[in-house]
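Peer 1: The structure follows.
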Amino acid sequence: METDVIIIGGGATGTGIARDLSLRGVRSILVEKDDIASGTTGRNHGLLHSGARYAVKDIDSAVECARENRILKKIARHCIEETGGLFVTLPEDDPSYQDRLMDGCSNAGIKAVEISCKDALAIEPRLNSSILSAIKVPDGTIDPFRLSSANMLSAMENGGKFITHAAVGSIIMKGGAVSGIECVSAKEGRFSIHANIIINAAGIWSQEICSLAGIKLKMLPSKGSMLIVDYRINRTVVNRCRVPSDGDIVVPGDTVSLIGTTSRSIEYNGIDDLRVDDDEIDILIRNGEKLIPDITRSRALRAYAGVRPLLAVPGNTAGRDISRGIVLIDHEERDGLKGLVTIVGGKLMTYRLMAEMASDLVTGKIGVSKKCLTARIPLPGSERLESLKKNLKLFPGISKSVIGSAMYRHGYRASKILKNDKKNYRQICECEMVTEGEIGYAMKSLNTGNITDLRRRTRIGMGPCQGALCTYRCAGLLNEMGHTTPGESLRMMEEFLEERWKGVRPVLWGDGLRESEFTYWIYQGLFGLGNIKNDNDGSSDEI
Amino acid sequence: MKYDCIIIGGGLAGLTCAIKCSSEGLSTAVISCGASALHIASGSIDLLGYSSGRYLTGDLDTHLDQLIKRKKNHPYAKIGKKCIWESLEFFRQILSKERLNLFSMDKKNHFHITSLGILKPAYLSQRSIFNGRLLDSYKLKKGLVLLNFRGYRDYYPGLAMNQLKKNPLFRDIPLKTGLIELPHYTKTARNMLEFRSIDLARVFEDETYLSKIAEDIRTGAGDADVVTLPDFIGIHNYEKLHARLEEMTGKSIIEIPNLPPSIPGMRIEHALKTSYASHGGEFSSGDRVTGCSMSRGMVEYITTENYSDTRLSAKCYILAAGSFFSGGLKSGYNLIHEPIFNLKVAGGSDRTKWASDQFFSRGSHPFMEFGVETGTDLHPFGADAKKIKNLYCAGAILSGYNPVMEGSGGGVAISTGYKAALEVIKKIKKSSLE
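Residue numbers (the numbering used here), protein chains in the order written: chain H, 756 to 1298; chain R, 1206 to 1639.
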């Protein structure tokens, strides 16, 4: 294989670069060791920052956020909900922080308005009623899976190629310049891709990629854990008005709400095995309850952790205090290795800007003069506003909630999925209203390899039952559609339930425990999924 | 209102207990909050299926002996082997009277096919699931065809076939899958693509469509003489319909239990409820216990949602409310408790130790063994650690066993339900003599 630019890493930044380059007519191949948005991109709180959270301490980031916020609302509207946000001061908080926040917002050009506590409670009825003050900001929410998928789709429609589930084994170098990479994947085995430019957009894994080229880059992994509760219990993003700290934000998203976030330094060799610590759960619940006292009456659905991709800066070691600024490194200048570029740091919010910066640098190197178009051209799905009324008329017999869910997830592309086909009636995931038609579309057009990937494209298994019924259906369906062998389907079923369990296990009490017992009864008790080995080695040689 | 005994829980344990009590002439009431775990079970009764992850293929009597010796706190150890066998015979007879016969391979496990094509051990099965009689077909190496209804979303025979092919037992047996149509002759208003097992069972509740499906099955099966289908035959007239269908097709028809609701499980529930009603027992469905009053270490009365202010009292009470799934046990942030009587529970207050890191861990999960602690008489202990002498516990609410890992859920429910009934009968007869 041969291309102009190799992109390593399929997070928001990598997929954003793929899109940016493809719109400029530059050929690229993106290589990702897992799935798109499977790293830090898909493991954050999905906040569409207004910039206010950085306004006091990091004005540059705040300004960047505010600007990108406005762009994303135009180009990615089907990935975004303009919920608005609040900063509330609790009796135990320093009341002077409020003024500093107002000043910071004003300096950064963020529209922050002080409102009365009564008005705040009218906007957010479940809010702690003893708040002392409230500020309204233009925060929102952004779905990172949808965003990455739309960027990938846009790139693919413009000639970009994506190879997921393939790890970079080595970087091929020739006389002080890179000339390609060698990859390993379970499906394709070993293969190489040749290009004179490699963009390292591997986030926290950038350190590993650089070391493959013999270059030293030190990342400081800082783990952030989050907890999801069933039901969307708040309308707006609720922030605590204080110096950012553990458990001070509650973000609504899709059908759930999320309490974020902790910050803990971890060893670099621990980044592939992230676990939520038990005391982090305590911290998140205790602090979440301070903002929304009812929050623990909702069932805790799962907890998960992500790693902030922070670059080490001498003298600064604590996760939350390091600038989250963007770092673009031309390794030709820094290390004398021609053709390698690293883009790291930043935030989900600034992925597009990061992609633009990296693309500007490499197009300059290969003599392409076309300018960046990503701030202007909407992402696939956000081309136009889709009309529910029109779709209801177009697809009689398909329930409103199925149409609504498809539109919510795929925006303007929803009608493609809902094409008047009886198959769309077959709901595979009833929690999230995922139909056979949507699964077929994701498998065919969105570079989907397994059920976990499919979850990122469609939200399958993300609802209250966490895959209790849809895992089997989905595994069977993928085989029926010809995407998997029966053996692969069985393995995927087990892997998917283990993946769901990783998030359920830390919050296993109340109805979560009840649901898990139900799922265990079905897959182990009724199906015997854990007994496959027994069957195969013939230990049941009598009937 | 005053009864001889009130049973909280209308599942396998509660109903077995209720039938035994009412058949002995006790005035009996069952309080049931809804669909029991029978709705998510295979419908086969497992007595003891596994030991340390291996199938138990030998004499179950011996396996029981070994278990009882090894696990002193196991419900089986508490009630003893004699009572276990007696209870299963009783259970078989009451179901048989309701025209739901259960089959076994003497005192050994048989293996039924799951929807993943994995074989699972069980002691008793319904005629369409019990595959003991297929032995000859297997030996004759005639074909087996796994049929499904086109568009049915809750069953995928391709997965089952692949797994069966890997099983040495099926190595030389020709296997294939096939589809049969349903919608073109059913008048149901619902879309076939939204069907669950219960919708299929409703279609095949009587003989209306039997000859048509028989024709489809015959065509779909070709020369194979064993046909599997997802559980689909109705609930009320099942045995007759199944026999009729086998007669019409000339094939052995095997049902594969599937995603909930479990039709075989519902057949058992229906048979048990009918039997109970025939003995004149009262059944309050969709009801829930709201409170209880204790007096001198005994239960004085309970209140329920349906009877609001009315105090329901009895000489004896049986708690057979199931595990977490059914609400018999509850878990809080760092607490496992029994919500009605606040009984002593084996569980633990450190939630980090309740489950294993792997979902399909070889050692299963500690929470599966959590439950109420009792003595050998099945009396639980109250908050003051004293035995509650007119309360008994039965079924999945009990601690000390793992129904999934051991393959013992059905056996424990039936035998402890039966044992509780024996204790109650003994106590009431004794007090009436006095």
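Idealized CB from N, CA, C, for every residue including glycine. Everything numeric in this text was worked out from a predicted model, so none of it was measured.
Checking contacts by CB at 7 Å: is G1219 (chain R) closer than that to chain H?
Peer 2: Sequence index remark: in the second sequence, residue 1219 (chain R) carries index 14 (1-based). Closer than 7 Å: no.
Peer 1: Can you tell me whether DSSP reads L1627 (chain R) as helix, strand or coil?
Peer 2: Within the second sequence, the letter at position 422 stands for residue 1627 (chain R). In the structure shown, L1627 (chain R) sits in a helix (DSSP, three-state: H, G or I).
Peer 1: Taking C-beta pairs closer than 7 Å, name the residues in chain R that R1269 (chain H) reaches, listed in chain order.
Peer 2: Taking the first sequence and counting its residues from 1, the one referred to as residue 1269 (chain H) is at position 514. Result: F1529 and F1530.
Peer 1: Between R1057 (chain H) and chain R, is there a C-beta pair that is closer than 7 Å?
Peer 2: For the purposes of this step, residue 1057 (chain H) is identified with residue 302 of the first sequence, where counting begins at 1. False, the Cβ-Cβ gap to chain R never drops below 7 Å.
Peer 1: Just confirm the distance between the C-beta atoms of A1599 (chain R) and I1523 (chain R), as a whole number of angstroms; I'd bet it's less than 8 Å.
Peer 2: Indexing the second sequence from 1 puts residue 1599 (chain R) at position 394. Indexing the second sequence from 1 puts residue 1523 (chain R) at position 318. Confirmed, about 6 Å.
Peer 1: Alpha carbon to alpha carbon, how far is I1468 (chain R) from C1234 (chain H)? Give it in angstroms, no decimals.
Peer 2: Here the question's residue 1234 (chain H) lines up with position 479 in the first sequence. Here the question's residue 1468 (chain R) lines up with position 263 in the second sequence. Note that residue 1234 (chain H) corresponds to Asn in the displayed sequence, not to Cys. When rounded, the distance between both Cα atoms is 25 Å.
Peer 1: Roughly how many whole angstroms lie between the Cα atoms of L1284 (chain H) and E1253 (chain H)?
Peer 2: In the first sequence, counting from the first residue as 1, residue 1284 (chain H) sits at position 529. In the first sequence, counting from the first residue as 1, residue 1253 (chain H) sits at position 498. Their Cα atoms are separated by approximately 12 Å.
Peer 1: Using a beta-carbon distance below 7 Å, is I1298 (chain H) in contact with chain R?
Peer 2: As a working mapping, residue 1298 (chain H) is identified with position 543 in the first sequence. Low confidence applies here, because I1298 (chain H) scores a pLDDT of 36, under 50, leaving its location unreliable; read the following figure in that light. Cβ-Cβ to chain R under 7 Å: yes for I1298 (chain H).
Peer 1: Pick from H:C860, H:S904, H:I1206 and H:G1242: whose alpha carbon is nearest that of C1225 (chain H)?
Peer 2: Position 470 of the first sequence, counting from 1, holds the residue named residue 1225 (chain H). Taking only the C-alpha atoms, the option nearest C1225 (chain H) is H:I1206.
Peer 1: In whole angstroms, what separates the C-alpha of S934 (chain H) from that of S925 (chain H)?
Peer 2: If you number the first sequence from 1, residue 934 (chain H) lands on position 179. If you number the first sequence from 1, residue 925 (chain H) lands on position 170. Those two C-alpha atoms are separated by around 11 Å.
Peer 1: Considering Cα atoms alone, identify which of H:A767, H:E757 and H:D759 is closest to L1103 (chain H).
Peer 2: Taking the first sequence and counting its residues from 1, the one referred to as residue 1103 (chain H) is at position 348. Answer by Cα proximity: H:A767.
Peer 1: From R:L1300, R:L1627 and R:E1639, pick the residue whose C-alpha is nearest to that of C1644 (chain R); which is it?
Peer 2: Missing from the structure shown is residue 1644 (chain R); chain R here goes from 1206 to 1639 and no further.
Peer 1: According to a CB-to-CB cut-off of less than 8 Å, which residues of the segment 1346-1365 of chain R neighbour chain H?
Peer 2: Listed by position along the chain: G1356, R1358, D1359, Y1360, Y1361, G1363 and L1364.
Peer 1: Note down, in chain order, every chain R residue with its Cβ under 8 Å from the Cβ of E1272 (chain H).
Peer 2: Taking the first sequence and counting its residues from 1, one reaches residue 1272 (chain H) at position 517. Those are S1528, F1529, F1530, F1572 and M1573, listed as they occur along chain R.
Peer 1: So with CB distances below 7 Å, who are the chain H contacts of E1420 (chain R)?
Peer 2: Counted from its first residue, the second sequence places residue 1420 (chain R) at position 215. Under the 7 Å cutoff, chain H gives no residues; its nearest Cβ is about 24 Å from E1420 (chain R).
Peer 1: Could you check whether the Cβ of P1151 (chain H) sits closer than 7 Å to any Cβ belonging to chain R?
Peer 2: Within the first sequence, the letter at position 396 stands for residue 1151 (chain H). No - not a single Cβ of chain R is within 7 Å of the one on P1151 (chain H).
Peer 1: Does DSSP classify D1076 (chain H) as helix, strand or coil?
Peer 2: The sequence position of residue 1076 (chain H) within the first sequence is 321, counting from 1. Confidence at D1076 (chain H) is low in this model, with a pLDDT of 48, below 50, so the placement of that residue should be treated as unreliable; the coordinate-derived value is given next. Residue state, collapsed to three classes: helix.
Peer 1: If I follow the unbroken beta strand (DSSP E) through I784 (chain H), where does it start and stop?
Peer 2: To locate residue 784 (chain H), count along the first sequence from 1; it is residue 29. Counting along the chain, the beta strand (DSSP E) containing I784 (chain H) begins and ends at S783 to V786.
Peer 1: In the segment 1572-1633 of chain R, which residue ranges form an unbroken beta strand (DSSP E) of at least 3 residues, counting only runs that do not cross its ends?
Peer 2: Whole beta strand (DSSP E) segments, 3+ residues: 1596-1598.
Peer 1: So for S1053 (chain H), helix, strand or coil by DSSP?
Peer 2: On the first sequence, residue 1053 (chain H) is found 298 positions in, with the first residue counted as 1. Here S1053 (chain H) sits in coil by DSSP.
Peer 1: I want to verify the contact list: residues of chain H whose CB lies under 7 Å from the CB of F1564 (chain R), in sequence order.
Peer 2: Taking the second sequence and counting its residues from 1, one reaches residue 1564 (chain R) at position 359. Ordered by position in chain H, the residues that pass the 7 Å Cβ test against F1564 (chain R) are L1252, E1253 and W1256.
Peer 1: Got a sec? Which residues, its chain only, sit under 7 Å from A1197 (chain H) by beta carbon, not counting five neighbours each side?
Peer 2: Here the question's residue 1197 (chain H) lines up with position 442 in the first sequence. Here the set comprises T1203, L1209, R1212 and T1213.
Peer 1: Ordered along the chain, which non-local residues of its own chain (more than five positions away) have a Cβ less than 6 Å from that of I890 (chain H)?
Peer 2: Taking the first sequence and counting its residues from 1, one reaches residue 890 (chain H) at position 135. Answer for I890 (chain H): F842, A867 and E869, listed in chain order.
Peer 1: Scan the segment 1214-1246 of chain R for residues whose Cβ lies nearer than 9 Å to a Cβ of chain H and list them as they occur along the chain.
Peer 2: So the close ones are A1242, I1245 and A1246.
Peer 1: Thinking C-beta only, is T770 (chain H) closer than 7 Å to S903 (chain H)?
Peer 2: Counting from 1 along the first sequence, the entry for residue 903 (chain H) is found at position 148. Counting from 1 along the first sequence, the entry for residue 770 (chain H) is found at position 15. Yes, Cβ-Cβ distance for S903 (chain H) and T770 (chain H) is below 7 Å.
Peer 1: Report all residues from its chain with a CB closer than 6 Å to the CB of I826 (chain H); omit the five preceding and five following residues, and keep chain order.
Peer 2: The residue you call residue 826 (chain H) lines up with position 71 of the first sequence. If we look at I826 (chain H) and ignore the five residues flanking it on each side, its Cβ neighbours are A1130.
Peer 1: Give a yes or no on contact between the segment 1106-1114 of chain H and the segment 771-783 of chain H, applying the rule of three or more CB pairs nearer than 8 Å.
Peer 2: Yes, the segment 1106-1114 of chain H is in contact with the segment 771-783 of chain H.
Peer 1: Can you say whether S885 (chain H) is buried or exposed, counting buried as having 16 or more other CB atoms within 10 angstroms of its CB?
Peer 2: Taking the first residue of the first sequence as position 1, residue 885 (chain H) is located at position 130. The residue in question, S885 (chain H), is exposed, as its Cβ has fewer than 16 Cβ neighbours within 10 Å.
Peer 1: Using a Cβ distance threshold of 8 Å, determine whether the segment 1274-1285 of chain R contacts the segment 1574-1586 of chain R, with at least three qualifying pairs required.
Peer 2: Cβ pair count under 8 Å is three or more, so yes.
Peer 1: Answer yes if the segment 1610-1626 of chain R comes into contact with the segment 1212-1230 of chain R, meaning at least three C-beta pairs across the two stretches below 8 Å, and no otherwise.
Peer 2: Yes, they touch.
Peer 1: Is L1398 (chain R) close to chain H? Criterion is C-beta to C-beta, closer than 7 Å.
Peer 2: Against the second sequence, residue 1398 (chain R) aligns to sequence position 193. Answer yes: the Cβ-Cβ gap between L1398 (chain R) and chain H drops below 7 Å somewhere.
Peer 1: Which same chain residues, not among the five before or five after A831 (chain H), have their C-beta less than 7 Å away from its C-beta?
Peer 2: If you number the first sequence from 1, residue 831 (chain H) lands on position 76. Result list for A831 (chain H): L902, A905, L1134 and S1137, in chain order.
Peer 1: Determine the extent of the beta strand (DSSP E) in which Q1182 (chain H) is found, giving its start and end residues.
Peer 2: Here residue 1182 (chain H) refers to the residue found at position 427 of the first sequence. Run containing Q1182 (chain H): Q1182 to C1184, per the beta strand (DSSP E) assignment.
Peer 1: When we look at the beta-carbon of L1540 (chain R) and count the other beta-carbons within 10 Å, is it buried (16 or more) or exposed?
Peer 2: Walking along the second sequence from the start, residue 1540 (chain R) turns up at place 335. So L1540 (chain R) ends up on the exposed side.
Peer 1: Is the distance from the Cβ of N1396 (chain R) to the Cβ of P1435 (chain R) below 7 Å?
Peer 2: Looking up residue 1396 (chain R) in the second sequence gives position 191. Looking up residue 1435 (chain R) in the second sequence gives position 230. Against a cut-off of 7 Å, the Cβ pair of P1435 (chain R) and N1396 (chain R) comes out as no contact.
Peer 1: To be precise: take each residue of the segment 1398-1412 of chain R, compare its Cβ to all Cβ atoms of chain H, and keep it if any distance is under 8 Å. Which residues remain?
Peer 2: Those residues of the segment 1398-1412 of chain R that come within reach of chain H (Cβ to Cβ, closer than 8 Å) are L1398 and E1399.
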